[in-house]
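Visitor: For the sequence shown, counting from 1, position 143 maps to 320 in the numbering used here; every step adds exactly one. Backbone N, C-alpha and C define an ideal beta-carbon position, used for all residues, glycine too. Quick one: this structure, given as structure tokens, is what I'll be asking you about.
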Amino acid sequence: MERTMILFEGNIAAGKSTLGETLKESGEFAFLPEPVKQWQNYRLKNGEVVNLLDLFYRDPKRWAFTFQLAAFTTRVKTWTEILARTKSKKVVLERSIYCDRNVFAFNCYQNRSMTEFEWQIYCRMWDFINEQDWCAEPDLIVYIQTPAEVCHQRIVEQRKRDEEKAIPLDYLQSLEELHNNWLLNHPKHPKVVVLDGERRWTAEAITEEIHCHL
178 MERTMILFEG NIAAGKSTLG ETLKESGEFA FLPEPVKQWQ NYRLKNGEVV
228 NLLDLFYRDP KRWAFTFQLA AFTTRVKTWT EILARTKSKK VVLERSIYCD
278 RNVFAFNCYQ NRSMTEFEWQ IYCRMWDFIN EQDWCAEPDL IVYIQTPAEV
328 CHQRIVEQRK RDEEKAIPLD YLQSLEELHN NWLLNHPKHP KVVVLDGERR
378 WTAEAITEEI HCHL
């Protein structure tokens, strides 16, 4: 059975989860959220549970490389593994290995939370995994574009993740710039459709936008 993979990409608090859950209500799409709970409850072999997300935000220069490796490994999902979690013909994933490298890991390198040595190790690992075709290419990337200032306001006023409450605006602005560089500039990514993250979307409206670009 032929199936379709769609990625929802965007800044922190851009509205990815909200739109994904809204789209799921249509019954036409399955939605697999980002594995945040795994990062908040990273279980070691000795039974100890570590909140990697909290460690990263508290001390990014110490934990950026560790966190990005953990995040990457949880994002590496082969098409077969993804399909085993749902019978839907159309599957939406919140974020991917592609934003992991082009946005989040690169931002850590760019702001010197990752050293040159760590960045090269990460890139070599990423290239190796990608060359093995373990991760399927998406059929479409939906970029939920929300101004960094709006994302910051949502984090402060609406989000319920304690780890994110101290995220500064300039961090979100850097992520916004990197998302735009990856998906919209040099030139625009051929598989991208942009949705306004400040708009209230219905499942029908999202579905229409997706079908127009598949």
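(1) Below 8 Å between beta carbons: does that hold for D277 and M182?
(2) Using C-beta distances below 6 Å, list every residue in its chain close to E341, excluding the 5 sequence neighbours before and after it, in chain order.
(3) By alpha-carbon positions, which one of K201, F233, I344, V269 ends up nearest to P180?
(4) Do the region 362-382 and the region 306-320 meet, that is, are 3 or more Cβ pairs less than 8 Å apart?
(5) Applying the 10 Å Cβ sphere with the 16-neighbour rule, what's the burial state of T379?
(6) Which runs of the beta strand (DSSP E) fall wholly inside the region 295-346 and span at least 3 residues, in chain order?
(7) Alpha carbon to alpha carbon, how far is E381 from A248? Give it in angstroms, no decimals.
(8) Please state the DSSP three-state secondary structure of A190.
(9) Once you ignore the five residues that flank T384 on each side, which residues in its own chain have a CB closer than 6 Å to its CB?
(10) Among the residues of its own chain, which have a CB less than 7 Å from the CB of N284, if the five just before and after it don't count?
(11) Let me know the secondary structure DSSP gives L209 once reduced to three states.
(12) Rounded to whole angstroms, what is the Cα-Cα separation between L230 and K222?
(13) Using beta-carbon positions only, say whether L209 and E258 come within less than 8 Å of one another.
(14) Thinking C-alpha only, which one of E293, H388, L349, D339 is nearest K238?
(15) State the Cα-Cα distance for the pair W216 and F244, rounded to the nearest angstrom.
(16) Between Y320 and G197, how many whole angstroms is the CB-CB distance? I'm expecting something under 8 Å.
(17) Rounded to whole angstroms, what is the Cα-Cα separation between K266 and P212?
(18) Sort E225, T263, G192 by Cα distance to E205 and report the nearest one.
Guide: Per the coordinate set shown:
(1) Not a contact, by the Cβ cut-off of 8 Å.
(2) Here the set comprises I332.
(3) Reading off the sequence, residue 180 comes out as Arg, not Pro. Taking only the C-alpha atoms, the option nearest R180 is V269.
(4) yes
(5) exposed
(6) 317-322
(7) C-alpha separation (whole angstroms): 32 Å.
(8) coil
(9) S203, listed in sequence order.
(10) Annotation for N284: S351, L352, L355 place their beta carbon closer than 7 Å to its own, counting only its chain and skipping 5 residues before and after.
(11) strand
(12) 19 Å
(13) no
(14) E293
(15) 8 Å
(16) The Cβ separation is near 13 Å, so there is no contact.
(17) Computed Cα separation, rounded: 21 Å.
(18) Restricting attention to E225, T263, G192, the CA atom closest to the CA of E205 is found in T263.
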